[in-house]
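Residue numbers (my numbering), protein chains in the order written: chain A, -14 to 324; chain B, -14 to 324.
Ideal Cβ positions, reconstructed from N, Cα and C, are used throughout, including at glycine.
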DNA sequence: CTGTTAGCGCCTTCAG
DNA sequence: CTGAAGGCGCTAACAG
């Protein structure tokens, strides 16, 4: 019943009547130039007949390359990382690299474990989208051994290629949109400060306020987890304390949804009473009621560029480059002029 | 600068003053019983000092096991698969297996490519949550070589362990909920029939209607892609044709969102004018306005059980088992009594 | 309990 | 252009 042994190179060689090394060369992309066309054809035919496909893991022992790339992300359940994976997966697959994807849940132990697993598997490189500002030490050792690209989250002082988004600018876009619509009192719901992009968004927000010369008040709240429920809690408290504000900048769309929920529960309306700006432009955000004004980030391109950058390091040993992509404001129905 | 060579077993052995194979045994879980406590301690110390960690891919050549499990899912961007991945990832990691995750986008070529990649990598097993009813042929060959578990989607006639959800029951739950609330005209938005669970949901819906003895009308529309936009399109058309219906059963939450959107745009209200039931209980569905009545599926448990089932095959060669988990109805605000 | 030996499947020198 | 030989790092048999 079981289809018997998996064929090896030797089986192909025997069937084609050549030496295994000749078979190997015939099947490899690089070396196949040095092989007679007829021999090569015979070998390919034999391989096809047996259903032979080379054992990549065995080959890696000899070549020193596993053709795997570690990919570390915070969370499968956030669709923004799905876009990143789509971008980089496509690019890696074109070069026959397979991503080994691990999620950290922004948990320190899981992050460490991820690096261990990637080390044990001898991945040829890593794309890391889950670094926190507190991870420098443990990353440094890894990075010394394995080519690494940071994607989406920076770790200042780590000298590796990076593909980043200008989150300071993103924070500016969000808050200046509100200011331009006449809002003078803004509540900001910040994600954890250990995550670089959240820190940058807050900086951008602050910069706008400062440029406005004290005419705008920014009330910032930091949550431990950037979730719907946490934002709901913060927003409810803010509303209960007396809504001296007319707008909200949430550091991601999930938190914006939490804010919307709290606003609704308090019997107020968005955007009539309170305007809300999110961040990330999650796929569903445009389908909410009201549809969410938010900051869109080029995640697919981030993934693609991160993969390109890593491959250029791996294949041509190119020097580290930092690419910075730009966010953009998407105006929808959750923001209106201040009342 | 670069931390030099990656240490090998030989380096550890030399530092500990033992033979490499002794070092190997000391580091392995299984064999370490047959080693003197002191020797073992010396080896572990040496390994720690050098930062040694075994090359899993080299070891696999000898052991014949790669300690990798292929995981095939339709789509990273759908959070239900994230839950599946969470469940199975946890379980696999406990046994030192690493998942190699590939998405198919429910595209035939990508599905084939996924199987090729997993074959080349010599994964020890596969958990496949992306089979379509049309995939039997190409799966059969793979399954003969590699232990496989089907998760969430069945392929009748394929004799492998399966962890399924009773989607017929799910369809029944959804539609009988509507019937009990007095709805006698229901629009059903069906996902592609090549995907087993969609077919089953439609069967369940039909069964309820038949049991009602022709007192309920079910108008079914099949879409190519189970997306927000497709459902919006179908729903808009249905509304334009004259809303002789009072309720909608969408085969997943995304399509329910599309339906809600179309209803809103047509100037009608949910649940006042039209009730809507979704399927899957996406994380965001409870935060929509109105919050979505839907069918909840145990995805985390599906993942966990699939991993357990596969491991029991791998480790104890247990015979194929089919586990069927039950869906449950979550009543929220998108459904009300028929007007 | 530990050392010796061999070889997993493949690719890559080196010869011819 | 093809064959011969060696070895990547590790672990499993076999001795002792």
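Exercise. So, is residue 311 of chain B buried or exposed, given that buried needs 16 or more other C-beta atoms within 10 angstroms?
Worked result: exposed
Exercise. So is residue 287 of chain B in contact with chain A if we call contact Cβ pairs under 8 Å?
Worked result: no
For this session: Inspect the beta-carbon positions of residue 201 of chain B and residue 164 of chain B and report whether they are closer than 8 Å.
Result: yes
For this session: Please classify residue 313 of chain A: is it buried, with 16 or more other beta-carbons within 10 angstroms of its beta-carbon, or exposed?
Result: exposed
Exercise. Are the C-beta of residue 216 of chain A and some C-beta of chain B separated by less than 8 Å?
Worked result: no
Exercise. Shortest alpha-carbon distance to residue 293 of chain B belongs to which of B/246, B/283, B/134, B/143?
Worked result: B/134
For this session: Taking only beta carbons into account, state which residues of the stretch 220 to 253 of chain B come closer than 9 Å to chain A, listed in chain order.
Result: 239, 242, 243, 245, 246, 249
For this session: Could you pull the start and end residues of the beta strand (DSSP E) that residue 110 of chain A belongs to?
Result: 110 to 113
For this session: Output the boundary residues of the beta strand (DSSP E) element that contains residue 4 of chain A.
Result: It is not in any beta strand (DSSP E) - residue 4 of chain A carries neither H nor E in the DSSP assignment.
Exercise. Can you name the start and end residues of the alpha helix (DSSP H) that residue 74 of chain A belongs to?
Worked result: 64 to 79
Exercise. Mind checking if residue -13 of chain B is an interface residue toward chain A, Cβ cutoff 8 Å exclusive?
Worked result: For residue -13 of chain B, the predicted model reports a pLDDT of 41, less than 50, meaning its position is unreliable and no value from the coordinates is stated.
Exercise. Does any C-beta atom of chain A lie closer than 8 Å to the C-beta of residue 283 of chain B?
Worked result: no
For this session: Apply the 10 Å Cβ neighbour rule to residue 81 of chain B and answer buried if 16 or more other Cβ atoms are within range, or exposed otherwise.
Result: exposed
Exercise. Which chain B residues are close to residue 106 of chain A, counting only those with a beta carbon under 7 Å from its beta carbon?
Worked result: 41, 42, 83
Exercise. Measuring CA to CA, which of B/148, B/302, B/281 is closest to residue 287 of chain B?
Worked result: B/148
Exercise. CB-CB under 7 Å to residue 322 of chain B, same chain, minus the five flanking residues each way: which ones, in chain order?
Worked result: 166, 167
Problem set entry | Pair within 8 Å by beta-carbon distance, residue 331 of chain B and residue 247 of chain B | Outside the shown range of chain B, which is -14 to 324, sits residue 331 of chain B, and nothing can be said about it.
Exercise. Taking 8 Å as the CB-CB cut-off, is residue 320 of chain A touching chain B?
Worked result: no
Problem set entry | Cross-strand partners of residue 260 of chain B (DSSP beta bridge) | B/232
Problem set entry | Alpha carbon of residue 276 of chain B to alpha carbon of residue 255 of chain B, nearest angstrom | 10 Å
Exercise. Using 8 Å as the limit for Cβ to Cβ distance, is residue 54 of chain B near chain A?
Worked result: no
Exercise. Using a beta-carbon distance below 8 Å, is residue 272 of chain A in contact with chain B?
Worked result: yes
For this session: Ignore the nearest five residues each way along the sequence and tell me which others in residue 11 of chain A's own chain have a CB closer than 7 Å to its CB.
Result: 17, 20, 24, 25, 28, 29
For this session: Identify whether residue 306 of chain B lies in helix, strand or coil by the three-state DSSP scheme.
Result: coil
For this session: Tell me whether residue 333 of chain A is buried or exposed, calling it buried when 16 or more other Cβ atoms sit within 10 Å of its Cβ.
Result: With chain A covering only -14 through 324, there is no way to say anything about residue 333 of chain A.
For this session: Could you please give the first and the last residue of the uninterrupted beta strand (DSSP E) stretch that includes residue 23 of chain B?
Result: Run containing residue 23 of chain B: none in the beta strand (DSSP E); it sits in the alpha helix (DSSP H), 22 to 35.
For this session: Run the CB neighbour count on residue 45 of chain A, radius 10 Å, all protein chains shown included, and call it buried at 16 or more, exposed below.
Result: buried
Problem set entry | Every unbroken beta strand (DSSP E) within the stretch 114 to 178 of chain B, with a cutoff of 3 residues, ordered by chain | 133 to 136, 147 to 150, 170 to 175
For this session: Would you please state the rounded distance, in angstroms, between the beta carbons of residue 61 of chain B and residue 88 of chain B? I believe it to be under 8 Å.
Result: 5 Å
For this session: Can you tell me the Cβ-Cβ gap for residue 185 of chain A and residue 233 of chain A, rounded? I've got them flagged as a contact below 8 Å.
Result: Not confirmed; about 19 Å, so no contact.
Problem set entry | Per-residue contacts from residue 213 of chain B into chain A (C-beta, under 7 Å) | 272
Exercise. What separation, rounded to the nearest whole angstrom, lies between the Cα atoms of residue 107 of chain B and residue 85 of chain B?
Worked result: 11 Å
Exercise. Which of helix, strand or coil does DSSP assign to residue 202 of chain A?
Worked result: strand
Exercise. Which of the three DSSP states, helix, strand or coil, is assigned to residue 11 of chain B?
Worked result: helix
Exercise. By a C-beta neighbour count over all protein chains shown, 10 Å radius and 16 as the cutoff for buried, is residue 325 of chain A buried or exposed?
Worked result: Residue 325 of chain A falls outside the range modelled here, since chain A spans only -14 to 324, and no answer is possible.
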